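Each number in my numbering corresponds to the 1-based position in the sequence shown with 50 added. Worksheet: one structure, shown below.
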Amino acid sequence: MTRLSIVHRTAYKYNKRVTLSYNEARMTPLTDSQQVVLESVVKVSPSQAAVSTYRDYWGTRVTAFDMQMPHDHLEVISNITVEVHRAGKIPSESDIVGWDVLASPETLNTHSDWLPQSRLSGPGDEVLGIIPGVVDGKNPHEAAMAIFAWMRGEMTYMSGSTAVTTNAEEAWTQRQGVCQDLAHLAIGALRSCGIPARYVSGYLHPRSSAGVGETVAGQSHAWLEWWDGEWRSWDPTNHKPAGDFHVTVARGRDYRDVSPLKGILSGGGGSALNVSVEITQLA
């Protein structure tokens, strides 16, 4: 078990005054079988904002707020304490379903959100031609691991090489991207052979060697989960399953379903953005 304190700050400084804005923040981690949120507070500035919360279709806790007064900045700070315990279970043959189960009407219905390609996951014709050879002769679990191994040999992590609108095919064309691009490409490859897959956003403590009580610059991070009889995780950026230093905030079809902060506004004339994530291991 790992207990983490996370402070996620997002601040916009507008070039001109904004007259009104409507916003949604997805910065509150999930409580599930692998992690428990002990404390979570989201603060919005200017403080006159009208704030409410709800669960979206995917089960993510959303902090919604609107500001119907002139303002020249926006700041959202999420303070979180969470305990994470991910059991590193090695799957047995009995845990893994066959391709016939993945193709069954029941599975197609149950996982209907996680099988069609989304706007950002479609990997393009070249990858669609490669994947059948990668997975040939393998069961679904072996096929997923083969896809991850193939990606590791083909893709390079490169900060700043893409934008939030970059799709899997574009990342593949340049053979590089950031964590969300690697997740999108892996998801698209899995879906292309009938394996349900979903995008996961959250936080990553980047340095296991940091001592208890030491605050480090953390990261907003992306990885994926796939289903082959059970839901399993994989972080294609770090070539391993999600561990106790991964904190899940949201799941969706791709990044568009889980973006940490989005909204619409009137005015502004452009803005300067500052984002920071600080993570402290408490236990």
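The beta carbon of each residue, even a glycine, is placed where N, CA and C say it ideally should be. Treat the numbers as computed from the prediction; the structure is a model and nothing was measured.
*Based on the DSSP secondary-structure assignment, which residues constitute the bridge partners of Met117?*
Position 67 of the sequence shown, counted from the start, is the residue given in the question as residue 117. In DSSP, Met117 forms a bridge with Ser71.
_As a quick exercise: from Arg301, Val297, Glu280 and His271, pick the residue whose alpha carbon is nearest that of Thr287._
Here residue 287 is taken as the residue at index 237 of the sequence shown, counted from 1. Of Arg301, Val297, Glu280 and His271, the residue nearest in Cα terms is His271.
_Where Leu12 falls: helix, strand or coil (DSSP)_ = What is shown of the chain runs 51 to 333, which leaves residue 12 out entirely.
_Taking contact to mean 3 or more Cβ pairs, one atom from each stretch, closer than 8 Å, check whether the stretch 151–162 and the stretch 120–130 are in contact._
no
_Let's test the definition: count the other Cβ atoms within 10 Å of the Cβ of Met77 and tell me whether it reaches 16, buried, or not, exposed._
Taking the first residue of the sequence shown as 1, we reach residue 77 at position 27. Burial state of Met77 is buried, judged by a 10 Å Cβ sphere holding 16 or more other Cβ atoms.
*Sequence-distant residues of the same chain with beta carbon closer than 8 Å to Val151, five excluded per side*: As a first step, residue 151 must be located in the sequence shown, where it is residue number 101. Closer than 8 Å at the Cβ level, and outside the excluded window around Val151, lie Thr157 and Gly279.
*Note down, in chain order, each residue of its chain lying with its Cβ closer than 6 Å to the Cβ of Gly285, except the 5 sequence neighbours on either side.*
As a working mapping, residue 285 is identified with position 235 in the sequence shown. The question names Gly, but residue 285 is Asp in the sequence shown. Taking C-beta separations shorter than 6 Å and ignoring five residues to either side along the sequence, the partners of Asp285 in its chain run Trp273 and Ala292, following chain order.
*Nearest to Ser71 by CA position, among Ala322, Gly318 and Gln331, is which residue?*
Along the sequence shown, read from residue 1 onward, the residue named residue 71 stands at position 21. For the residues Ala322, Gly318 and Gln331, the minimum Cα distance to Ser71 belongs to Gly318.
*asked:* Quick check for students: name the residue ranges of the beta strand (DSSP E) that lie wholly in the stretch 240–291, counting only runs of 3 or more.
replied: 247–254, 265–267, 269–277 and 281–284
*Mind checking whether Ala137 and Gly244 have CB atoms under 8 Å apart?*
As a working note, residue 137 is residue 87 in the sequence shown. As a working note, residue 244 is residue 194 in the sequence shown. Inclusion of Ala137 and Gly244 in the CB contact set at 8 Å is not warranted, their separation being larger than that value.
_As assigned by DSSP and simplified to three states, the class of Tyr64_ = For the purposes of this step, residue 64 is taken as residue 14 along the sequence shown, with counting starting at 1. Residue state, collapsed to three classes: strand.
*Looking at Leu54 and His132, is the spacing between their C-beta atoms short of 8 Å?*
For the purposes of this step, residue 132 is taken as residue 82 along the sequence shown, with counting starting at 1. For the purposes of this step, residue 54 is taken as residue 4 along the sequence shown, with counting starting at 1. The amino acid at residue 132 is misidentified as His; the sequence shows Val. For Val132 and Leu54, yes; Cβs fall inside 8 Å.
*asked:* Among the candidates Pro246, Val250, Ser242 and His191, whose CA atom is the shortest distance from the CA of Ala233?
replied: As a first step, residue 233 must be located in the sequence shown, where it is residue number 183. Among Pro246, Val250, Ser242 and His191, the Cα nearest to that of Ala233 belongs to Val250.
*asked:* Quick check: what's the CA-CA separation for Ile237 versus Tyr104?
replied: The sequence position of residue 237 within the sequence shown is 187, counting from 1. The sequence position of residue 104 within the sequence shown is 54, counting from 1. Roughly 27 Å separates the two Cα atoms.
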